[in-house]
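Everything below concerns the one structure shown next.
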């Protein structure tokens with residue numbers, strides 16, 4: 145699989161705290177990559193560097209290189225608004241806007257200049273279908289997004305992220321706050337989406353990583369210990385720390 | 007073994023007694039305010055009820071109590087509000103947006119913040135003196151409607167800024183994150199995602215600030231609201247009066263009829279204030295359900 149994202153000697157500091165230490169890794173396109181590791185190991189931090197959401201935290205400093213399709217995303221030639229259009233994000237707690245379901249999905253396209261109603265209607269329908277939510281809400285598009293269940297809200301957030309046509313989808317523990325059935329639905333969704341999108345997901349749940357991903361990256365204390373094809377990493381990890389984490393000796 | 011057998015029932019009785027005593031104390035403290043307000047309202051109604059009539063609204067003040075009305079005061083207050091509301095809204099909300107969303111979080115910003123909160127508590131007469139120096143004398147606007155309106159705008163501005171900031175701050179970070187993650191610029195996030203949720207809080211702040219402005223007398227006296235105005239201001243630079251000034255004028259007269267007229271005018275002013283405050287509460291409640 146071709147490499148889409150590459151980190152070279154990437155360091156990140158939150159003021160004085162060294163959060164990411166000399167991270168080197170590659171992420172293949174049109175596949176699911178899982179970031180696993182104990183709390184505070186840096187996996188969410190690295191995820192957030194991919195769409196530069198870390199820029200909004202005061203005191204953040206980056207050294208090294210992070211490229212997507214060969215372009216350094218921290219260079220001056222990259223507009224952060226375009227980057228975030230191409231790299232979408234779904235958060236741990238579903239966070240739909242207090243607007244209608246339709247307006248939630250249309251929010252992204254409207255930001256970037258789409259105002260034609262027919263176009264927006266199409267985008268809303270396509271996105272909701274891609275997120276496996278269309279059948280459940282198609283007759284209630286004007287209802288408030290807050291009136292649907294937590295699992296549906298999270299799928300709405302996925303649809304919202306897909307509405308701007310990204311290439312990469314980042315999922316930051318997107319199923320942690322959901323019940324097992326909703327979690328399963330979203331895992332199935334991720335399997336369907338990987339033909340079209342590159343997905344990077346942070347998960348606390350190792351079994352989820354094993355179920356869903358093609359490649360897994362193990363983090364510990366801000367360092368990437370190991371990354372490999374999921375099957376290999378889980379059955380035959382190269383590093384002892386990886387093995388200890390996977391077998392539950394810590395974390 | 008009875009698990010309750012070592013309970014110290016005397017100590018518990020003492021604690022409960024203290025609990026009840028304090029409960030009663032707090033109830034009394036609340037009642038003081040309510041009783042005072044009730045006594046005030048009843049007193050005013052007794053004095054002013056007789057003179058309440060449509061004439062009060064349509065007549066100009068006059069030396070004869072039977073013919074006197076507060077038309078000029080009502081219209082004057084209304085004109086002031088018509089200038090004050092848009093000005094203070096735009097400047098106040100603009101300042102709040104800047105301080106919350108755009109200003110860097112450094113010592114200078116904190117200083118500005120501290121100043122604004124302090125200004126919200128400055129006595130209104132100080133604003134009157136400021137208005138006199140700045141609008142009447144320095145800008146040469148003389149003792150006119152526009153000077154009065156601008157002075158009152160300054161008076162309510164800090165209150166609106168603080169209330170708007172609170173409303174904007176109440177929007178959770180997750181809302182902004184969602185907007186930025188879709189590729190929004192700062193202004194797009196503020197205008198499409200933060201402000202719509204803050205509007206109820208901002209409106210409540212504006213209405214409460216306005217209800218304060220209607221009742222303030224001291225700054226208007228200093229800036230030169232006339233106490234005897236038997237005409238309506240035709241332009242911004244005309245002399246003017248306002249409701250509180252009219253009330254002050256009537257109450258100061260020796261004749262009992264004028265004092266009663268003052269009471270009637272107070273009833274009207276109180277009614278307007280109650281109306282404004284109720285609408286603020288209604289707006290707040292209606293929108294709180296949605297979010």
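Protein chains in written order, with this note's numbering: chain A, 145 to 395; chain B, 7 to 297.
Heads up, the beta-carbon is just placed ideally off N, CA and C, and yes, glycines get one too.
Ranking B:149, B:59 and B:207 by CA distance to the CA of residue 228 of chain B puts B:149 first.
If one requires a minimum length of 4 residues, the alpha helix (DSSP H) runs lying completely within the segment 155 to 211 of chain B are 179 to 187 and 192 to 195, in chain order.
For residue 284 of chain A and residue 192 of chain B, the gap between their C-alpha atoms comes out near 31 Å.
Beta bridge pairing from DSSP links residue 313 of chain A with A:232 and A:343. Listed in chain order, the alpha helix (DSSP H) runs fully inside the segment 207 to 295 of chain B are 224 to 229 and 249 to 258, counting runs of at least 4 residues. The Cβ atoms of residue 307 of chain A and residue 253 of chain A sit closer than 7 Å to each other. Under the Cβ distance rule, residue 105 of chain B does not count among the residues neighbouring chain A, no pair being separated by less than 7 Å. The segment 263 to 273 of chain A makes no contact with the segment 338 to 347 of chain A; the number of CB pairs closer than 8 Å stays below 3. The beta carbon of residue 244 of chain A sits closer than 7 Å to those of 285, 286, 287, 288 and 289, all from its chain and outside the five residues before and after it, given in chain order. Secondary structure at residue 143 of chain B: helix, using DSSP grouped into helix, strand and coil. Following the DSSP letters along the chain, one finds residue 178 of chain A inside the beta strand (DSSP E) bounded by residues 176 to 180. The segment 184 to 200 of chain B makes contact with the segment 103 to 122 of chain B; the number of CB pairs closer than 8 Å reaches 3 or more.
Contact annotation: residue 257 of chain B and residue 226 of chain B have beta-carbon atoms that are not nearer than 7 Å. Minimum Cα-Cα distance from residue 127 of chain B among the listed residues B:94, B:165 and B:98 corresponds to B:165.
The beta carbons of residue 171 of chain B and residue 102 of chain B sit about 5 Å from each other, so the pair counts as a contact at 8 Å. Under the DSSP definition of a beta bridge, residue 158 of chain A partners with A:161 and A:204. Proximity of residue 207 of chain B to chain A, defined by a Cβ-Cβ separation below 7 Å, is not satisfied.
DSSP places residue 209 of chain A in the strand class (E or B) of the three-state scheme. The Cβ-Cβ distance between residue 192 of chain A and residue 157 of chain A does not fall below 7 Å. For the 7 Å CB-CB criterion, residue 172 of chain A and residue 211 of chain A do not form a contact.
Residue 306 of chain A: not part of any beta strand (DSSP E); member of the alpha helix (DSSP H) spanning 294 to 306, first to last residue. Contact annotation: residue 386 of chain A and residue 370 of chain A have beta-carbon atoms nearer than 7 Å. Listed in chain order, the positions of the segment 165 to 194 of chain B with a beta carbon within less than 9 Å of a beta carbon of chain A are 178, 180, 181, 182, 183, 184, 185, 186, 187, 188, 189, 190, 191 and 194. Counting along the chain, no alpha helix (DSSP H) covers residue 364 of chain A; the unbroken beta strand (DSSP E) around it starts and ends at 359 to 364. Using a Cβ-Cβ cut-off of 7 Å, residue 199 of chain B is close to 241 of chain A, given in chain order. Listed along chain A, no residue sits closer than 9 Å to residue 204 of chain B by beta-carbon distance, the nearest being about 12 Å off. For residue 72 of chain B, the secondary structure class from DSSP, reduced to helix, strand or coil, is helix. Just measuring C-alpha positions, the residue of B:66, B:168, B:158 and B:14 sitting nearest residue 271 of chain B is B:66.
At a cut-off of 7 Å between C-beta atoms, residue 252 of chain A counts as an interface residue with respect to chain B. Within chain B, no residue has its beta carbon less than 7 Å from that of residue 179 of chain A; the closest one is some 17 Å off.
Take the alpha-carbon of residue 204 of chain B and the one of residue 173 of chain B: they are about 5 Å apart.
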